[in-house]
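A short worksheet on the structure shown next.
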Amino acid sequence: MCKICQTAFNPGDNRFDNQMSLKCPHCQHTLVRKKDRKHFVIHKCVNPKCPYYLHNLKKVDKEDLAEDHGKNKYKLHYIYREFTIDFFKMDLNSLPKNASSLKFNKHNAYIMSLCLTFHVNLGLSLRKTRQALSDLYGISISHQQIANYCKTAAICVKPFVDNYPYEKGAAFAADETYIKVRGIKSYIWLIIDAASRAIIGYQVSDNRGVGPCILAMRMALKGITELPKNFKFIADGYSAYPLAAQQFFHEFGEKFKFEITQVIGLQNEDEVSKEYRPFKQMIERLNRTYKASYRITNGFDNYDGANYDLTLWVAYYNFLRPHKHNGYRPPVVDEILSKAENMPARWQLMIYFGQKKILELQAAS
């Protein structure tokens, strides 16, 4: 009770603390909070007289309307997803953790590049790499030391690979595939440029949500100020890709407004799938190529190991691996790397370029 006017009031209820309510853009009805996901909250308009709902209701098959709850097979009401994490403010250029020194006590940089050539290029396991070095060159080295070399190389190479000025065309293809981290299913997101076949976006995640998809798309669209008029983004029917494209339009406006061209199923049952099936097959072949190198690992022990392994493989695929469609040259032909005499020398050059990029990022921060 107020000591001055003797009016009763509730100290815990303040009208100024009311949060902003979301409204349906079609009927101005307040949206109802329906589901809480990992990275966003789903709000839904439940007004039965909403014009958006009535318009979609006319498109429902009469057979479904005759069934009990048959219209629930469709998403008829207006749905809004409120993201709880801003994936566009996350730093893509952050330097890798656990940086180690390149000072060698027993071996040298050439032995390190030989380990990378056997392990990454030829797809040998750590123990088979150790055996190959011992049998061919008489080099005594443990498999754990080879793993340490690969981890150090990945830390150095990643800034070079992520910040390289790739030539990007008007068609991207994307897909996700499965890996195991400590026996639990995890995901690898890959985005390639259809013209050069270079990997321009990649991400390792513990979930299949829209968040990792946005991060992979941000990496793929880095350096592009405006999308070309005939831009195409080809993916499968998974719902994360249209949601990520919607967030790009919400964040950057008309310059980054694009639709996802979805290739559904394994057979060409519609005109879109028939026209864009070659792009989907292109990204599926990339998945199989990666799985061939992943199979020797029998899964990863942690996500750092998965990130280091993927970074080295992307560096090898883009800059070192010969491709038939490009005249048995890598997808990204770098003049300096192509002048190197052999593969160990190219690995040493990429590590050197990565160290220079790290110094540039440190000076800019």
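Per our numbering: the sequence shown = residues 1 to 365. By construction, the Cβ of each residue, glycine as well, lies at the ideal position given by its N, Cα and C atoms. Note that this is a predicted model, so its numbers are computed, not measured.
Residues of its chain near residue i, where Cβ-Cβ distance is below 7 Å and the 5 sequence neighbours each way are ignored
| i | result |
| --- | --- |
| P331 | S196, R197, A198, N318, H323 |
| S373 | Absent from the model: residue 373. The displayed extent of the chain is 1 to 365, so no value can be given. |
| L136 | none |
beta-carbon residue i near the ligand ADP non-hydrogen atom, thresh 7 Å
| i | result |
| --- | --- |
| S134 | This structure simply doesn't include the ligand ADP, nor any ligand for that matter. |
Beta strand (DSSP E) segment containing residue i, residue limits
| i | result |
| --- | --- |
| S186 | 184-193 |
| Q203 | 199-205 |
| F249 | Element bounds for F249: not the beta strand (DSSP E) but the alpha helix (DSSP H), 240-252. |
| F233 | 232-235 |
Residue i, DSSP secondary structure in three states
| i | result |
| --- | --- |
| F9 | coil |
| E341 | coil |
| H119 | helix |
| G294 | Reading off the sequence shown, one finds Tyr at residue 294, where the question assumed Gly. Correct three-state label for Y294: helix. |
| F172 | strand |
| D36 | strand |
| Q262 | strand |
| R321 | coil |
| Y52 | helix |
| V272 | helix |
| F104 | coil |
| I224 | coil |
Same chain, Cβ closer than 6 Å to residue i, neighbours up to 5 away in sequence not counted
| i | result |
| --- | --- |
| K280 | V263 |
| Y180 | Looking at the sequence itself, residue 180 is Lys, so the reference to Tyr does not match. Taken in chain order, the residues that qualify are G299. |
| K38 | G209 |
| M282 | A173 |
Minimum C-alpha distance to residue i - residue among the options
| i | options | result |
| --- | --- | --- |
| R81 | Q131, I42, E63, L102 | I42 |
| I155 | T311, N326, R329 | T311 |
| Y202 | P228, K232, F160, N307 | N307 |
| L287 | E254, F258, F233, D175 | First, the amino acid is wrong: residue 287 is Asn here, not Leu. Taking only the C-alpha atoms, the option nearest N287 is D175. |
| Q355 | K158, K23, K274, G209 | K158 |
| K106 | S140, A235, D309, L133 | S140 |
| N108 | P344, M350, P228, N302 | P344 |
| A240 | F231, N230, F252, E259 | E259 |
| I412 | D301, C5, M112, V272 | The displayed coordinates of the chain run from 1 to 365. Any statement about residue 412 would go beyond what the structure contains. |
Sequence-distant residues of the same chain with beta carbon closer than 8 Å to residue i, five excluded per side
| i | result |
| --- | --- |
| V46 | H29, V32, H77 |
| L63 | The residue you asked about is not Leu; residue 63 is Glu in the sequence shown. Contacts found: G70. |
| D375 | Missing from the structure shown is residue 375; the chain here goes from 1 to 365 and no further. |
| G211 | K38, H39, I85, F87, S205 |
Endpoints, the alpha helix (DSSP H) within which residue i is located
| i | result |
| --- | --- |
| F83 | Taken as a continuous stretch (DSSP letters only), F83 belongs to no alpha helix (DSSP H), being part of the beta strand (DSSP E) at 79-83. |
| K62 | 62-66 |
| Y137 | 126-137 |
Assess contact between the region 260-275 and the region 138-148, defined as three or more Cβ pairs (one per stretch) separated by less than 8 Å. Is contact present? No: fewer than three Cβ pairs fall under 8 Å.
Counting Cβ pairs closer than 8 Å, one from the region 293-304 and one from the region 171-188, do we hit at least three? Output reads yes: the region 171-188 touches the region 293-304.
Do the region 207-220 and the region 243-260 meet, that is, are 3 or more Cβ pairs less than 8 Å apart? Under the three-pair Cβ rule at 8 Å, the region 207-220 counts as touching the region 243-260.
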